[in-house]
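Numbering (my numbering), first residue to last: 570 to 1003. Some notes on the structure that comes next.
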């Protein structure tokens, strides 16, 4: 029998991702989470997603989709954050407990891949934004090393303490840069707006429920990350409230701003349109500075999840390594079909966290040495939820896929758990290490 994956007595390796954070290290409060998730909710990617809703929907219908999707998605995000704050374990720990220590490797590995994908997106956004500013302001051809510069900045941040980054950089600097840029862009483009924008009918091609799914995809994409931060919260209530208010307001604001810009300038690309506005280069630069925390957060959580799988390397070692990998991918891979990428994420992680919420409820369970290798209850419920999501997306898109998939995985887990001989499913007769 080998040692527990929580720790290895021979090498003295401790899996920090699966151990609860000690009380003395839990230093983040409501204002920290308000700033963190307010900042993470802002981004050019969110505005671009908002622009996808127009002109398929009318302005009023697009705004309604933003409201419904933001409320539903952010409540789920805050609830999983609450579970992380109560338990003190990472998102990987919550998944590990719900699916079993061996089967959980699959979704955790998928999480690392999707976080690398988001990191590549962020690096490309930073590169393209800096390049657009260089072309407009200095009439210069963007140098190829901008990609490397963006990756190097993220790698440098990942060498620092996460709590320090949140409290010193995001709360004191990033939040205010975000507010300044959003206020200016909103005022600038609102001057061009008129009530006629809300009255224009949509041209079709995107059902309202599918639009809600697209909006939900943004907060849902943060579900596998949120507990990595809220586990450091002093109070579960503060972590829940700060996440809910901060992300909800920022997400809705950016979606609506993207809708407004797309309605005023149909068919135009987002970055050049912002740059053409007065002081647009400054506003874009502020957004890009704030955008770095999105890339940082993706890579930090990817490091936490990777550490849970390979604990011999610490989170601070994995962070820069993953930043290097993301930079190389950004140099080599074309980034296309952003909307399909969001739907794919939803199909995997919406039902996964339906299982996580059903398993933990209001009292999250911490991984321990008695954890089973495979929870057949969680595995079946998760796979069934993915199937529901894919079926609805392809054959019944008018219903929207996120809520049916979430409900299916949640209900199936609760039903099957009553039939299971053990709370977690199928126990491993060979012990912890197999």
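Built from N, CA and C at the ideal position, the CB exists for glycine as well. These figures come from a predicted structure and were not determined experimentally.
Item: Any idea what DSSP makes of residue 621, helix, strand or coil?; Value: coil
Item: Figure out for me which residue from 658, 620 and 619 has the closest Cα to the Cα of residue 595.; Value: 658
Item: Measuring straight from C-alpha to C-alpha, what distance separates residue 982 and residue 963?; Value: 24 Å
Item: Just mark residue 707 as buried or exposed, buried being the case when its beta carbon has 16 or more other beta carbons within 10 Å.; Value: exposed
Item: Which ranges would you report for the alpha helix (DSSP H) in the region 910-971 if only whole runs of at least 4 residues count?; Value: 945-964
Item: Counting Cβ pairs closer than 8 Å, one from the region 664-674 and one from the region 813-832, do we hit at least three?; Value: no
Item: State buried or exposed for residue 901, treating a residue as buried only when at least 16 other CB atoms are found within 10 Å of its CB.; Value: exposed
Item: Check whether the region 731-749 touches the region 794-802, taking contact to mean three or more Cβ pairs, one atom from each stretch, closer than 8 Å.; Value: yes
Item: Considering only the beta carbon of each residue, do residue 954 and residue 920 sit closer than 7 Å?; Value: yes
Item: What does DSSP give as the partner residues of residue 817 in its beta bridges?; Value: According to DSSP, residue 817 bridges with nothing at all.
Item: Between residue 724 and the rest of its own chain, which residues show a CB-CB distance below 7 Å, the 5 nearest in sequence each way excluded?; Value: 889, 892 and 893
Item: Name the DSSP beta bridge partners of residue 802, please?; Value: 597
Item: Please find out if some non-hydrogen atom of the ligand SAH comes closer than 6 Å to the beta-carbon of residue 885.; Value: In the structure on display, the ligand SAH does not appear, and there are no ligands present to speak of.
Item: Could you name the residues of the same chain whose beta carbon sits closer than 7 Å to that of residue 794, not counting the 5 residues immediately before and after it, in chain order?; Value: 660, 866 and 870
Item: Between the C-alpha atoms of residue 984 and residue 644, what's the straight-line distance to the nearest angstrom?; Value: 24 Å
Item: How is the alpha helix (DSSP H) around residue 845 delimited, first residue to last?; Value: 839-845
Item: With a threshold of 6 Å on Cβ separation, who are the neighbours of residue 975 within its own chain once the five nearest residues in sequence on each side are excluded?; Value: 919 and 923
Item: Measure from the C-beta of residue 950 to each C-beta in chain C and report whether the shortest distance is under 7 Å.; Value: Given the protein chain composition of this structure (a single chain), no chain C is represented.
Item: Quick check: what's the CA-CA separation for residue 728 versus residue 885?; Value: 6 Å
Item: Taking the alpha helix (DSSP H) that residue 848 belongs to, which residues open and close that run?; Value: Run containing residue 848: none; DSSP gives neither H nor E here.
Item: Taking 7 Å as the threshold (C-beta atoms), are residue 747 and residue 611 in contact?; Value: yes
Item: Between which two residues does the alpha helix (DSSP H) carrying residue 585 extend?; Value: Residue 585 -> no alpha helix (DSSP H), and no H or E assigned at all.
Item: For a test of the three-state rule: what should DSSP assign to residue 827, helix, strand or coil?; Value: helix
Item: Let me know if residue 879 comes out buried or exposed under the rule of 16 or more other beta-carbons within 10 Å of its beta-carbon.; Value: exposed
Item: Using 7 Å as the threshold, is the C-beta distance between residue 604 and residue 792 below it?; Value: no
Item: In this structure, does DSSP put residue 882 in helix, strand or coil?; Value: coil
Item: Are the Cβ atoms of residue 602 and residue 832 separated by less than 7 Å?; Value: no
Item: I believe residue 763 touches residue 895 by the beta-carbon criterion, under 8 Å. Please report the beta-carbon distance rounded to the nearest angstrom.; Value: In fact, because the Cβ distance is near 42 Å, the residues do not count as touching under 8 Å.
Item: Which word fits residue 987, buried or exposed, when buried means at least 16 other C-beta atoms lie within 10 angstroms of its C-beta?; Value: exposed
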